[in-house]
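J.:
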Amino acid sequence: MAGYWPNGRFQESTTRSRAVVIGAALKKVLVVGSGSIAKRHITNLRNLFPHVSVICVGASGRMLDPAEVGASKTASDIATAIGQKPDFAVVASPAPYHLSHADELLAANIPVLIEKPLCTSVRECEDMDLRRHTAGIGVAYNLRFMPAAQTVKKLLDDGVVGPISTAFAEVGQFLPDWRPGSDYRKGVSARSELGGGALLELSHELDYLNWFFGPFFRALGVIRSAGNLEIDVEDTVDVLLQKRGGQLVHVHLDFLQRHPSRHFKAVGATGTIKWDLIANKVVLFRSDGSTEQVYADPNYDRNQMYIDQMIAFIDFVKGAADFESSLDSSMEVMRLVESIRISSEQSAWTEVEEPL
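First residue of the sequence shown? That's 4 in my numbering, and the numbers climb one at a time after it.
So this is what it looks like as structure tokens:
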């Protein structure tokens with residue numbers, strides 16, 4: 004179909020050329036955190052911008068060795084790192100610390116890209132009120148930067164299959180397989196005090212659904228744990244989200260599936276859109292029985308969406324573009340999370356809180 008991505012890969016030369024242009028004025032970037040996602044950001048920043056000094060501060064207060072995280076240098080704390088005047092910062096600490104770390108940086112007028120989820124509760128976000136700062140804020144819901152996701156978004160916006168009556172989103176993968184070689188029970192995903200659990204860890208699905216269809220006005224959720232993973236957080240979440248027009252979206256999130264699964268389907272009046280996030284393809288099923296593979300790239304490098312996200316954020320910081328995964332959109336995700344929690348506790352439909 005004309006106007007849709009033929010494949011998902013940007014040419015490496017194109018990405019590097021773009022990085023050279025937007026990164027020319029960068030001198031220093033700060034990354035807060037030392038886990039796997041922090042290390043990914045550090046590696047990408049150093050590869051994209053070899054001339055830039057990437058500073059890392061650990062979230063625990065422990066002084067890090069630069070070699071431990073791959074950074075150019077480390078600092079003992081955020082205040083010390085602020086003194087080095089970074090151009091922007093990435094907050095990749097555990098979720099309960101996101102807002103306090105971001106607030107300290109924003110108060111120094113340093114733009115911040117905050118890893119998802121934005122926080123652990125709506126009240127926490129509202130009490131901190133990051134909007135009072137003038138420096139730029141983005142939230143790292145990186146699935147938005149997959150060409151496949153952008154293809155689906157365009158198909159929906161263009162009404163290619165007519166009005167959508169129902170949609171489905173599912174993601175499931177066995178938690179011990181997420182990071183082979185490490186004890187999954189000690190990771191952020193498995194620990195409630197670090198903001199773990201399927202609802203927050205897999206909130207990418209809530210973000211892209213809100214991007215595709217939002218806002219939703221009520222939710223019906225069941226949050227539970229099978230108990231066989233030896234973790235103190237939920238391992239399964241099932242949700243119905245409803246729009247005021249009546250459209251329903253079914254959502255399933257879990258830490259249990261031995262065979263990883265990640266799918267989206269939208270049922271329209273004249274056809275169906277299916278997106279397989281693992282096979283990385285989008286297929287259109289029409290009412291006349293015909294099918295069309297609108298997008299496919301099985302060799303897509305999934306690190307590319309993190310790179311594209313970073314480039315988009317730097318464009319935003321420079322004032323050259325908006326950053327769609329914003330503070331406001333991420334607050335909408337947290338309101339969905341809160342309504343799902345309340346619904347599960349009360350075993351009833353719960354209205355999604357509207358912005359203040």
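We put the CB at the ideal spot given by N, CA and C, even for glycine.
Considering only their Cβ atoms, is the gap separating residue 205 from residue 240 smaller than 9 Å?
T.: If you number the sequence shown from 1, residue 240 lands on position 237. If you number the sequence shown from 1, residue 205 lands on position 202. Yes.
J.: Using 9 Å as the threshold, is the C-beta distance between residue 252 and residue 220 below it?
T.: The residue you call residue 252 lines up with position 249 of the sequence shown. The residue you call residue 220 lines up with position 217 of the sequence shown. In this structure, residue 220 does not lie closer than 9 Å to residue 252 by Cβ.
J.: For residue 347, write down the residues that DSSP places opposite it in a beta bridge.
T.: Taking the sequence shown and counting its residues from 1, one reaches residue 347 at position 344. In DSSP, residue 347 forms no bridge with anything.
J.: I need the straight-line Cα distance from residue 341 to residue 35, nearest angstrom please.
T.: By 1-based counting over the sequence shown, the position of residue 341 is 338. By 1-based counting over the sequence shown, the position of residue 35 is 32. Roughly 26 Å between the two C-alpha positions.
J.: For the 8 Å Cβ check, are there 3 or more pairs between the region 192-211 and the region 162-180?
T.: Yes: at least three Cβ pairs fall under 8 Å.
J.: At what residues does the beta strand (DSSP E) containing residue 33 begin and finish?
T.: Within the sequence shown, the letter at position 30 stands for residue 33. 31-35 is the extent of the beta strand (DSSP E) around residue 33.
J.: According to the Cβ coordinates, are residue 223 and residue 353 closer than 9 Å?
T.: Against the sequence shown, residue 223 aligns to sequence position 220. Against the sequence shown, residue 353 aligns to sequence position 350. Yes, they are a contact pair.
J.: Near residue 296, which residues of its chain fall below 7 Å by C-beta distance, leaving aside the five closest residues on each side in sequence?
T.: Your numbering for residue 296 matches position 293 in the sequence shown. Same-chain partners within the cutoff: 284 and 286.
J.: Buried or exposed, going by whether 16 or more other CB atoms sit within 10 Å of the CB of residue 66?
T.: Walking along the sequence shown from the start, residue 66 turns up at place 63. So residue 66 counts as exposed.
J.: Mapping DSSP to helix, strand and coil, what is residue 5?
T.: Taking the sequence shown and counting its residues from 1, one reaches residue 5 at position 2. Confidence in residue 5 is poor, its pLDDT being 49 and thus under 50, which makes the residue's placement too unreliable to answer from.
J.: Assign residue 262 to one of three DSSP states: helix, strand, or coil.
T.: Position 259 of the sequence shown, counting from 1, holds the residue named residue 262. Here residue 262 sits in coil by DSSP.
J.: Spatial neighbours of residue 187 within its chain, please: CB distance less than 7 Å, with the 5 preceding and 5 following residues excluded, ordered by chain position.
T.: Locating residue 187 in the sequence shown gives position 184, counting from the first residue. Cβ within range, chain order: 178, 179, 181 and 193.
J.: Suppose you measure from the CA of residue 141 to the CA of residue 320; what does that come to, to the nearest Å?
T.: Locating residue 141 in the sequence shown gives position 138, where the first residue counts as 1. Locating residue 320 in the sequence shown gives position 317, where the first residue counts as 1. C-alpha separation (whole angstroms): 9 Å.
J.: Which term fits residue 357, buried or exposed, when burial requires 16 or more other beta carbons within 10 angstroms of its beta carbon?
T.: One-based indexing of the sequence shown puts residue 357 at position 354. Exposed, because fewer than 16 other Cβ atoms sit within 10 Å of the Cβ of residue 357.
J.: With burial defined as no fewer than 16 other Cβ atoms inside 10 Å of the residue's Cβ, what is the status of residue 335: buried or exposed?
T.: Your numbering for residue 335 matches position 332 in the sequence shown. It counts as buried.
J.: Roughly how many angstroms lie between the CA atoms of residue 164 and residue 153, to the nearest whole one?
T.: In the sequence shown, residue 164 corresponds to position 161, counting from 1. In the sequence shown, residue 153 corresponds to position 150, counting from 1. When rounded, the distance between both Cα atoms is 16 Å.
J.: For residue 160, tell me which candidate among 212, 130 and 111 has the shortest Cα-Cα distance.
T.: Mapped onto the sequence shown, residue 160 falls at position 157. Considering only alpha carbons, the answer is 212.
J.: Rounded to whole angstroms, what's the CA-CA distance from residue 31 to residue 101? Just pull it up for me.
T.: Position 28 of the sequence shown holds residue 31. Position 98 of the sequence shown holds residue 101. In a straight line, the C-alpha of residue 31 is about 21 Å away from that of residue 101.
J.: What residues match up with residue 353 in a beta bridge as DSSP calls it?
T.: Indexing the sequence shown from 1 puts residue 353 at position 350. In the DSSP output, where bridge partners are listed per residue, residue 353 has 222.
J.: Would you tell me roughly how many angstroms separate the C-alpha atoms of residue 272 and residue 289, rounded to the nearest one?
T.: The residue labelled residue 272 in the question sits at position 269 within the sequence shown. The residue labelled residue 289 in the question sits at position 286 within the sequence shown. Cα-Cα distance, rounded: 10 Å.
J.: Suppose the cutoff is 6 Å on Cβ atoms and the five residues either side in sequence are ignored; what does the same chain contact list for residue 92 look like?
T.: Position 89 of the sequence shown, counted from the first residue, corresponds to residue 92. The residues are 33, 108, 113 and 115.
J.: Within a Cβ cutoff of 8 Å, which residues of the same chain sit near residue 69, ignoring the five residues on either side of it in sequence?
T.: Reading the sequence shown from its first residue, position 66 is the one you call residue 69. If we look at residue 69 and ignore the five residues flanking it on each side, its Cβ neighbours are 59, 75, 76 and 77.
J.: What's the C-alpha gap between residue 281 and residue 86?
T.: On the sequence shown, position 278 is the one that residue 281 refers to. On the sequence shown, position 83 is the one that residue 86 refers to. Straight-line Cα distance between these residues: approximately 43 Å.
J.: In the DSSP output, what is residue 298 paired with across the bridge?
T.: For the purposes of this step, residue 298 is taken as residue 295 along the sequence shown, with counting starting at 1. Bridge partners of residue 298: 285.
J.: May I ask you to report which of helix, strand or coil DSSP gives residue 118?
T.: In the sequence shown, residue 118 corresponds to position 115, counting from 1. In the structure shown, residue 118 sits in a strand (DSSP, three-state: E or B).
J.: When the distance is taken between beta carbons, is residue 257 closer than 9 Å to residue 201?
T.: Walking along the sequence shown from the start, residue 201 turns up at place 198. Walking along the sequence shown from the start, residue 257 turns up at place 254. In contact: residue 201 and residue 257 (Cβ atoms closer than 9 Å).
J.: Keeping to the same chain, check which residues put their C-beta closer than 6 Å to that of residue 265; ignore five residues upstream and five downstream.
T.: The residue given as residue 265 occupies position 262 in the sequence shown. 174, 280 and 281.
J.: From residue 120 to residue 214, what distance separates their C-alpha atoms?
T.: On the sequence shown, position 117 is the one that residue 120 refers to. On the sequence shown, position 211 is the one that residue 214 refers to. Roughly 15 Å separates the two Cα atoms.
J.: Runs of 3 residues minimum, wholly inside the region 78-146: which ones carry the beta strand (DSSP E) assignment?
T.: Segments of the beta strand (DSSP E) lying fully in the region 78-146: 91-94, 115-118 and 140-143.
J.: Assign residue 1 to buried or exposed, taking buried as 16 or more other Cβ atoms, counted over all protein chains shown, within 10 Å of its Cβ.
T.: A query on residue 1 cannot be resolved here, the shown segment of the chain reaching from 4 to 359 and no further.
J.: Considering only the beta carbon of each residue, do residue 308 and residue 44 sit closer than 9 Å?
T.: In the sequence shown, the residue the question calls residue 308 occupies position 305. In the sequence shown, the residue the question calls residue 44 occupies position 41. Not closer than 9 Å, so no.
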